[in-house]
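>
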Amino acid sequence: MGEETTPLLTVDNLTIEIAGANVVDGVSFTVARGEVLALVGESGCGKSLTSYAMLGLLPPAARRIAGRILLEGTDLAAMSERQLRKARGKDISIIFQEPSASLDPLTTVGSQIASAFRQHHAVSGTEAFARARDMLVAVGIPDADHRLHQYPFELSGGMCQRIMIAIALICGPRVLVADEPTTALDVTIQAQILDLMKQLVATSGTSIVFITHDMGVVADIADHVAVMYAGRIAEIAPVRDLFARPAHPYTALLLASVPRLDITPKANLATIEGSVPFPNEFGYGCRFASRCPLATDRCRAEQPPLFEQGGGHRSACWHINRVHELKENAA
Amino acid sequence: MLRYAGSRLIQAAIAIFGVLTIVFIVMHLSGDPTLLLVPQGASTQQINELRHQLGFDQPLWVQYVNYLKDLGHLDFGMSVVQHVPAAEIVASRLPYTMMLAAGALMVAIGIGIPVGIIMATGRGGWLEKVLAAIVLTGQSVPTFLSGILLIAVFAVNLRWLPTSGVGDIRALIMPSIALGAISMSTFARMTRIAVLDELSKDYVRAGRARGLSLGAVVFRHVLRNASIPVITIAALEIGNLLAGAVIVETVFAWPGIGQLAIQSIQSRDFLVVQVIVLLISCVYVLTSLLADFVYAAVDPRIRMVR
Numbered sequence: 000m001g002e003e004t005t006p007l008l009t010v011d012n013l014t015i016e017i018a019g020a021n022v023v024d025g026v027s028f029t030v031a032r033g034e035v036l037a038l039v040g041e042s043g044c045g046k047s048l049t050s051y052a053m054l055g056l057l058p059p060a061a062r063r064i065a066g067r068i069l070l071e072g073t074d075l076a077a078m079s080e081r082q083l084r085k086a087r088g089k090d091i092s093i094i095f096q097e098p099s100a101s102l103d104p105l106t107t108v109g110s111q112i113a114s115a116f117r118q119h120h121a122v123s124g125t126e127a128f129a130r131a132r133d134m135l136v137a138v139g140i141p142d143a144d145h146r147l148h149q150y151p152f153e154l155s156g157g158m159c160q161r162i163m164i165a166i167a168l169i170c171g172p173r174v175l176v177a178d179e180p181t182t183a184l185d186v187t188i189q190a191q192i193l194d195l196m197k198q199l200v201a202t203s204g205t206s207i208v209f210i211t212h213d214m215g216v217v218a219d220i221a222d223h224v225a226v227m228y229a230g231r232i233a234e235i236a237p238v239r240d241l242f243a244r245p246a247h248p249y250t251a252l253l254l255a256s257v258p259r260l261d262i263t264p265k266a267n268l269a270t271i272e273g274s275v276p277f278p279n280e281f282g283y284g285c286r287f288a289s290r291c292p293l294a295t296d297r298c299r300a301e302q303p304p305l306f307e308q309g310g311g312h313r314s315a316c317w318h319i320n321r322v323h324e325l326k327e328n329a330a
Numbered sequence: 000m001l002r003y004a005g006s007r008l009i010q011a012a013i014a015i016f017g018v019l020t021i022v023f024i025v026m027h028l029s030g031d032p033t034l035l036l037v038p039q040g041a042s043t044q045q046i047n048e049l050r051h052q053l054g055f056d057q058p059l060w061v062q063y064v065n066y067l068k069d070l071g072h073l074d075f076g077m078s079v080v081q082h083v084p085a086a087e088i089v090a091s092r093l094p095y096t097m098m099l100a101a102g103a104l105m106v107a108i109g110i111g112i113p114v115g116i117i118m119a120t121g122r123g124g125w126l127e128k129v130l131a132a133i134v135l136t137g138q139s140v141p142t143f144l145s146g147i148l149l150i151a152v153f154a155v156n157l158r159w160l161p162t163s164g165v166g167d168i169r170a171l172i173m174p175s176i177a178l179g180a181i182s183m184s185t186f187a188r189m190t191r192i193a194v195l196d197e198l199s200k201d202y203v204r205a206g207r208a209r210g211l212s213l214g215a216v217v218f219r220h221v222l223r224n225a226s227i228p229v230i231t232i233a234a235l236e237i238g239n240l241l242a243g244a245v246i247v248e249t250v251f252a253w254p255g256i257g258q259l260a261i262q263s264i265q266s267r268d269f270l271v272v273q274v275i276v277l278l279i280s281c282v283y284v285l286t287s288l289l290a291d292f293v294y295a296a297v298d299p300r301i302r303m304v305r
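Chains A and B, in that order, give the protein sequences.
So in numbering that gives the first Met the number 0, spot 54 of the first sequence is number 53, and the numbers just go up one at a time.
So in numbering that gives the first Met the number 0, spot 148 of the second sequence is number 147, and the numbers just go up one at a time.
1) Measuring only between beta-carbons, confirm whether Asp-291/B sits less than 8 Å from chain A.
2) Against Tyr-202/B, what residues of chain A qualify as contacts under a CB-to-CB distance less than 7 Å, listed in chain order?
3) To the nearest angstrom, report how far apart Thr-107/A and Ala-288/A are at their CA atoms.
4) My output table needs one value for Thr-29/A: the three-state DSSP class, helix, strand or coil.
5) In whole angstroms, give me the CA-to-CA distance for Ser-101/A and Val-155/B.
6) Can you list the beta strand (DSSP E) stretches of 3 or more residues lying completely in the segment 85-156 of chain A, in chain order?
7) Distance, Cα to Cα, Ala-177/A vs Val-106/B?
8) Chain B beta carbons: is any one of them nearer than 8 Å to that of His-119/A?
9) Would you mind reading off the limits of the beta strand (DSSP E) that contains Asp-11/A?
10) Taking only beta carbons into account, state which residues of the segment 271-297 of chain B come closer than 8 Å to chain A, listed in chain order.
11) Under the rule that 16 or more other beta-carbon atoms within 10 Å means buried, what is Trp-253/B, buried or exposed?
12) At a Cβ threshold of 8 Å, is Leu-211/B touching chain A?
13) Between Glu-179/A and chain B, is the shortest Cβ-Cβ distance under 8 Å, so that the two count as touching?
14) Would you mind telling me which residues of chain B sit closer than 9 Å to Leu-293/A, beta carbon to beta carbon, in chain order?
15) Whole angstroms are fine: how far does the CA of Tyr-202/B sit from the CA of Pro-151/A?
16) Residues of chain B with CB under 9 Å from Gly-157/A, in chain order?
17) Would you mind telling me which residues of chain B sit closer than 8 Å to Glu-97/A, beta carbon to beta carbon, in chain order?
18) Considering only residues of the same chain and omitting the five flanking positions on each side of Phe-116/A, which have a CB-CB separation below 6 Å?
19) Would you call Gly-109/A buried or exposed, if buried means 16 or more other Cβ atoms sit within 10 Å of its Cβ?
20) Of the residues that make up the segment 209-237 of chain B, which ones have a beta carbon closer than 7 Å to any beta carbon in chain A?
21) Tell me the start and end of each unbroken alpha helix (DSSP H) in the segment 223-304 of chain A that is at least 4 residues and wholly inside, in chain order.
22) Under the rule that 16 or more other beta-carbon atoms within 10 Å means buried, what is Ser-114/A, buried or exposed?
23) Who does Ser-314/A pair with in a DSSP beta bridge?
24) Would you kindly work out how many angstroms separate the C-alpha atoms of Ser-287/B and Gly-54/B, rounded to a whole number?
25) Could you pull the DSSP bridge partners for Thr-211/A from this structure?
26) List the residues of chain B that Leu-70/A touches, going by C-beta distances under 7 Å, in chain order.
27) How is Gly-30/B classed by DSSP in three states: helix, strand or coil?
28) Could you tell me whether the segment 86-93 of chain B touches the segment 168-179 of chain B, using the rule of 3 or more Cβ pairs below 8 Å?
29) Quick one, are the C-beta atoms of Val-238/A and Val-217/A less than 8 Å apart?
30) I'd like to know whether the C-beta atoms of Gln-160/A and Ile-192/A end up nearer to each other than 8 Å.
31) In terms of residues, what are the limits of the beta strand (DSSP E) holding Ile-64/A?
32) Pick out whichever of Glu-324/A, Ala-31/A, Leu-48/A and Ile-166/A has its Cα sitting closest to the Cα of Gly-25/A.
33) On the criterion of 16 or more Cβ atoms from any shown chain inside 10 Å, does Ile-21/B qualify as buried, or is it exposed?
34) Have a look at the DSSP bridge pairing and note the partners of Pro-84/B.
35) What is the C-beta distance between Glu-34/A and His-312/A, in whole angstroms, given that I count them as a contact (C-beta under 8 Å)?
36) How would you call Arg-62/A, buried or exposed, if buried means at least 16 neighbouring beta carbons within 10 angstroms?
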């Protein structure tokens, strides 16, 4: 996690267009080996598109118009579909929000895990099944021999997500993209899955890009956090730094709106007025300006770059020195 | 699984019983059949004798019980025209219709399903538009017209195929296409919808994320999932083909049960008609039953309901 080491994954100036609007606009971040980067933001902020772009799995309507995705120096974005197929599942994997829907309902989970292994390794079916069994044990599924022969509908959502993790990790990828993997699960299961992921990162050294809108989950699992707003990175920081000293109004308001048990609320829970602008209303300036209490004319006219705050903490705001006012108001 | 099979069998039995009853009622709705059977100018006494001989003078419920009893002994009655058992007449024609239905089903499934898959996976491309036009044509042109057009082009003008009748395998080609065309379109449309529906599901994206090509995801996962609604259509279409055979067999002078049905209706040979109606109805019920078992084989969620 040192600043000096070359990052494992570098996303550089990723820009994705849908119907003429840049719904992901110049997104850049790096992930070190064994690190968990959380990509946080509201629905429609472009975090899922960013994650699909990393595997070359953008929906047909979306088009990557700029940017590089470097995995240890190899640009995934420059690869042909054929090369990408060799990388998917082997070098970079993804797990999704709806684990039960991500499995083929008519095939046993064992053969789905085994086929993920055989996709990238020339081994016999028996051998692949043995690997699948080991993987079930690794993701903490009891009674693996029995479970291998079960169908997805016989398993709970939490179990299915463990199966998805087993599929994603069986080829030992260097990066795991997790697209809201716990959103569809109830809270206790969510905690178990997060623990499992932390444990797997620690043992395998796989880096994780963890997409979520849940600040609680961020605090639990992330090393670094990138906060996205309307397709751009608003702020990126080590997790403790971000929670302690948010340097972007959006982050500050987002943190203020998280319900807390240790404070008796004086008033209603804080909310952020308004809603995320539609891509056709983005304009030239800061995309948060229409909802920002600190916004000035400059914010509406000119897009702020990411200002370095020291220690890898960067924020795209013209009024970083006034952000603390928001925090004091909210408290 | 046993319970599933048992309940389907009971349902099928009830359906067949219903069919038998409805056929009985329909046959008697048209009034006293005796009058249809006697020669012109028969005396009242002759009519009464025949009525008594056929049992039509008994109360309706007695006739119904006798009807069920006879069917129970597989006694379908005598053809009043040919004076041989009605079942024998139908049985002699049945192989031709089965041949024709098999040919038509091959056209319908063999062309319809691949076309549906191509239309779904190549969505928005030129190939989809061409195929959509063919499917629309197949669906819109009535069988009696397409049959005559086929004869005009391939038999009369090009002289590639015989115009009609039974012969070698070439005689089967045009009737199969004429009979299968509408069914082919149904299969193509249903397959397209089923495959598109499956393609939108998360497991397709998840499969691609493991390194499978879209084609591999389609062949390994999508087709099996999409087959369930298509099986339903297949069961219904087999019954429809037998019904459609009535027209095609007439157009192509094909000696199957469709042609027999028309002839028997014209000659008022109502017991032969009754056998044909019972046969087609039972085929409907049995293919639906078969489809239920195929579902269970394909889908563990159905197979494993306790």
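Note that the Cβ used here is the ideal one computed from N, Cα and C, for glycine as well.
This structure is a prediction, so every number in the text was calculated from the model and none was measured.
On the basis of the data shown:
1) As a first step, residue 291/B must be located in the second sequence, where it is residue number 292. Chain A, which has no Cβ nearer than 8 Å to the Cβ of Asp-291/B, makes this no.
2) Within the second sequence, numbered from 1, the residue matching residue 202/B stands at position 203. Ordered by position in chain A, the residues that pass the 7 Å Cβ test against Tyr-202/B are Ala-100, Ser-101, Leu-102 and Asp-103.
3) On the first sequence, residue 107/A is found 108 positions in, with the first residue counted as 1. On the first sequence, residue 288/A is found 289 positions in, with the first residue counted as 1. If you take the alpha carbons of Thr-107/A and Ala-288/A, they lie about 50 Å apart.
4) On the first sequence, residue 29/A is found 30 positions in, with the first residue counted as 1. Thr-29/A: strand per DSSP, three-state reduction.
5) Stepping through the first sequence from its first residue, residue 101/A is reached at position 102. Stepping through the second sequence from its first residue, residue 155/B is reached at position 156. Whole-angstrom Cα-Cα distance: 56 Å.
6) 91-94
7) Position 178 of the first sequence holds residue 177/A. Position 107 of the second sequence holds residue 106/B. Approximately 47 Å between the Cα atoms of the pair.
8) Here the question's residue 119/A lines up with position 120 in the first sequence. Answer yes: the Cβ-Cβ gap between His-119/A and chain B drops below 8 Å somewhere.
9) Against the first sequence, residue 11/A aligns to sequence position 12. Start and end: 8-17.
10) Val-297
11) Here residue 253/B corresponds to residue number 254 of the second sequence, with the count starting at 1. Trp-253/B comes out buried.
12) Taking the first residue of the second sequence as position 1, residue 211/B is located at position 212. So, interface residue.
13) Position 180 of the first sequence, counted from the start, is the residue given in the question as residue 179/A. No, Glu-179/A does not count as interfacial toward chain B.
14) Residue mapping note: residue 293/A aligns to position 294 of the first sequence, counting from 1. Per Cβ cutoff of 9 Å: no residues; Leu-293/A is ~40 Å from chain B at best.
15) In the first sequence, counting from the first residue as 1, residue 151/A sits at position 152. In the second sequence, counting from the first residue as 1, residue 202/B sits at position 203. Using only the alpha carbons, I get a separation of about 11 Å.
16) Reading the first sequence from its first residue, position 158 is the one you call residue 157/A. Residues of chain B passing the Cβ test: none, with the nearest at roughly 17 Å.
17) Numbered from its first residue, the first sequence carries residue 97/A at position 98. The contacting residues are Asp-201.
18) Translated into the one-based positions of the first sequence, residue 116/A becomes position 117. Contacts found: Ala-127, Arg-130 and Ile-169.
19) In the first sequence, counting from the first residue as 1, residue 109/A sits at position 110. Buried, by the Cβ-count rule.
20) Arg-209, Gly-210, Leu-211, Ser-212, His-220, Arg-223 and Asn-224
21) 238-243, 248-255 and 296-300
22) Within the first sequence, the letter at position 115 stands for residue 114/A. It counts as buried.
23) Locating residue 314/A in the first sequence gives position 315, where the first residue counts as 1. Glu-234/A and Phe-306/A, per the DSSP bridge assignment.
24) Taking the second sequence and counting its residues from 1, the one referred to as residue 287/B is at position 288. Taking the second sequence and counting its residues from 1, the one referred to as residue 54/B is at position 55. Rounded to the nearest angstrom, the two C-alpha atoms are 35 Å apart.
25) Residue mapping note: residue 211/A aligns to position 212 of the first sequence, counting from 1. Bridge partners of Thr-211/A: Val-39/A.
26) What you label residue 70/A is simply residue 71 of the first sequence in a count that begins at 1. Under the 7 Å cutoff, chain B gives no residues; its nearest Cβ is about 15 Å from Leu-70/A.
27) In the second sequence, the residue the question calls residue 30/B occupies position 31. The answer is coil: DSSP assigns Gly-30/B none of H, G, I, E or B.
28) no
29) Within the first sequence, numbered from 1, the residue matching residue 238/A stands at position 239. Within the first sequence, numbered from 1, the residue matching residue 217/A stands at position 218. Yes, Cβ-Cβ distance for Val-238/A and Val-217/A is below 8 Å.
30) Position 161 of the first sequence, counting from 1, holds the residue named residue 160/A. Position 193 of the first sequence, counting from 1, holds the residue named residue 192/A. Cβ atoms of Gln-160/A and Ile-192/A: closer than 8 Å.
31) Taking the first residue of the first sequence as 1, we reach residue 64/A at position 65. It spans 61-70 - the beta strand (DSSP E) in which Ile-64/A sits, taken as one unbroken run.
32) The residue labelled residue 25/A in the question sits at position 26 within the first sequence. Here the closest residue by C-alpha is Leu-48/A.
33) Along the second sequence, one-based indexing puts residue 21/B at 22. Exposed: under 16 other Cβ atoms inside 10 Å.
34) Here residue 84/B refers to the residue found at position 85 when the second sequence is read from its first residue. BP columns for Pro-84/B point to Met-77/B.
35) Along the first sequence, read from residue 1 onward, the residue named residue 34/A stands at position 35. Along the first sequence, read from residue 1 onward, the residue named residue 312/A stands at position 313. Not confirmed; about 15 Å, so no contact.
36) As a working note, residue 62/A is residue 63 in the first sequence. With fewer than 16 Cβ atoms within 10 Å of its Cβ, Arg-62/A is classed as exposed.
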